[in-house]
Amino acid sequence: AQTVTQSQPEMSVQEAETVTLSCTYDTSESDYYLFWYKQPPSRQMILVIRQEAYKQQNATENRFSVNFQKAAKSFSLKISDSQLGDAAMYFCAYRASTSYGKLTFGQGTILTVHP
Amino acid sequence: SAVISQKPSRDICQRGTSLTIQCQVDSQVTMMFWYRQQPGQSLTLIATANQGSEATYESGFVIDKFPISRPNLTFSTLTVSNMSPEDSSIYLCSVEQVTGNTIYFGEGSWLTVV
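As given, the protein sequences belong to chains S and X, one line each in that order.
For what it's worth, my numbering labels the leading residue of the first sequence as 496, then goes sequentially.
For what it's worth, my numbering labels the leading residue of the second sequence as 227, then goes sequentially.
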């Protein structure tokens, strides 16, 4: 079974600074998808960024980028120029290519942004 | 992106009662998914709702406790039956868009059982 581990229960960053959230996963699959979701106090799950395992290039979305290390099974999220609105719970998630729509989530990391 | 609406957004329920959560998507999708997020926890998949067939439940979840309906390609319901305080959770509906293999979530339904 696949597992996703986020080893940082909480992280904090100063506004305008950069922070990196860690995620590792375990799978025997060669093809899969990885996601980072943001969950603010409203509880809405917001997709931040997505990475296909077959792509070597790291995904980027504006201030958000990932460091995908397939051999190490690592998928970290870097948030640049942090903003107060980035404060939320962040979840790393895994989807096997054959498991349409089914996500396995990590435990989450609470990110605090200090003004 | 898919727009997913859930009702109710929040409710307080009496122990022993049942509550049905509705999920509406703005486009036709083959499969819809229901997740549970217990307080302070991550999300866990409950079941996959298939149109025209019975839902497929994950280990630890059963149809008697979480009956699901899927009458058409844009709508699904999840019922939480005979509720106890342990059922207090956020229940989320999700879909995957084939184009881009992106998974979207509804706003969630936050149930508190007293």
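Every residue, glycine too, gets a C-beta built ideally from N, C-alpha and C.
Since we're looking at a predicted model, the values are computed, not measured.
> Among X/Q323, X/L318, X/L269, X/S295, which one has its Cα closest to the Cα of X/A281?
Replying inline: As a first step, residue 281 of chain X must be located in the second sequence, where it is residue number 55. Nearest of X/Q323, X/L318, X/L269, X/S295 to X/A281, Cα basis: X/S295.
> With distances taken from CA atoms, which of S/Q501, S/Q564, S/N557 is nearest S/I574?
Replying inline: Working through the first sequence from its first residue, we reach residue 574 of chain S at position 79. Among S/Q501, S/Q564, S/N557, the Cα nearest to that of S/I574 belongs to S/N557.
> Hey, does S/K533 have any beta-carbon neighbour from chain X nearer than 8 Å?
Replying inline: To locate residue 533 of chain S, count along the first sequence from 1; it is residue 38. So, not an interface residue.
>> For chain B, check one thing: does any of its Cβ atoms lie closer than 8 Å to the Cβ of S/F559?
In response: Note that chain B does not occur in the displayed structure, where the protein chains are S and X.
>> Counting only beta-carbon separations shorter than 8 Å, does S/Q552 have a partner in chain X?
In response: Here residue 552 of chain S corresponds to residue number 57 of the first sequence, with the count starting at 1. Not an interface residue.
> When DSSP labels each residue in this structure, what does X/L304 get in the three-state scheme?
Replying inline: The residue labelled residue 304 of chain X in the question sits at position 78 within the second sequence. X/L304: strand per DSSP, three-state reduction.
>> Short of 7 Å Cβ to Cβ, which residues in the region 291-314 of chain X face chain S?
In response: none
>> So, with DSSP's three-state summary, where would you put X/E312?
In response: By 1-based counting over the second sequence, the position of residue 312 of chain X is 86. The answer is helix: DSSP assigns X/E312 an H, G or I state.
> Listing by chain order, which chain X residues have their CB less than 9 Å from the CB of S/L542?
Replying inline: Against the first sequence, residue 542 of chain S aligns to sequence position 47. Simply S227, T328, I329, Y330, F331.
>> Taking the beta carbon of S/D581 as the centre, do at least 16 other beta carbons fall within 10 Å, making it buried, or is it exposed?
In response: Numbered from its first residue, the first sequence carries residue 581 of chain S at position 86. So S/D581 ends up on the buried side.
> What residues in the region 233-264 of chain X bring their beta carbon closer than 7 Å to a beta carbon of chain S?
Replying inline: M257, F259
> Which residues in the same chain as S/D521 place their Cβ atom closer than 7 Å to its Cβ, once the five residues preceding and following it in sequence are excluded?
Replying inline: Position 26 of the first sequence holds residue 521 of chain S. So the list reads Q497, T498, K568, once near-sequence residues are dropped.
> Among all the DSSP beta bridges, which residues are the ones paired with X/K233?
Replying inline: Sequence index remark: in the second sequence, residue 233 of chain X carries index 7 (1-based). Bridge partners of X/K233: X/Q248.
>> List, in chain order, every chain S residue whose beta-carbon is nearer than 8 Å to that of X/T274.
In response: The residue given as residue 274 of chain X occupies position 48 in the second sequence. Ordered by position in chain S, the residues that pass the 8 Å Cβ test against X/T274 are G596, K597.
>> Rounded to whole angstroms, what is the Cα-Cα separation between X/Q264 and X/V251?
In response: Numbered from 1 along the second sequence, position 38 holds the residue referred to as residue 264 of chain X. Numbered from 1 along the second sequence, position 25 holds the residue referred to as residue 251 of chain X. Roughly 24 Å between the two C-alpha positions.
>> Residues of chain S with CB closer than 7 Å to the CB of X/I316, please, in chain order.
In response: Position 90 of the second sequence, counted from the first residue, corresponds to residue 316 of chain X. Residues of chain S passing the Cβ test: R538.
> In terms of alpha-carbon separation, which member of X/G266, X/N298, X/S302, X/Q267 lies closest to X/A273?
Replying inline: Your numbering for residue 273 of chain X matches position 47 in the second sequence. Measuring from the Cα of X/A273, the nearest candidate turns out to be X/S302.
> Should X/T244 and X/W336 be called a contact, given that it needs their Cβ atoms to be closer than 8 Å?
Replying inline: One-based indexing of the second sequence puts residue 244 of chain X at position 18. One-based indexing of the second sequence puts residue 336 of chain X at position 110. The question names Thr, yet the displayed sequence has Ser at residue 244 of chain X. Contact flag unset, no.
> Can you list the residues of chain X that S/G603 reaches, using a CB-CB cut of under 7 Å?
Replying inline: Residue numbering aside, residue 603 of chain S sits at position 108 when the first sequence is read from its first letter. Correct list: S268.
> Roughly how far, in whole angstroms, is the beta-carbon of X/Y330 from the beta-carbon of X/S227, given that I think they are within contact range, below 8 Å?
Replying inline: Counted from its first residue, the second sequence places residue 330 of chain X at position 104. Counted from its first residue, the second sequence places residue 227 of chain X at position 1. Correct: roughly 6 Å between the Cβ atoms.
> For X/S320, which residues in chain S fall below 9 Å Cβ to Cβ?
Replying inline: For this step, residue 320 of chain X is matched to residue 94 along the second sequence. Those are M540, G596, L598, listed as they occur along chain S.
> Can you tell which of S/R545, S/R538, S/L579 has the C-alpha that lies nearest to the C-alpha of S/F563?
Replying inline: By 1-based counting over the first sequence, the position of residue 563 of chain S is 68. That would be S/R545, whose Cα lies nearest to the Cα of S/F563.
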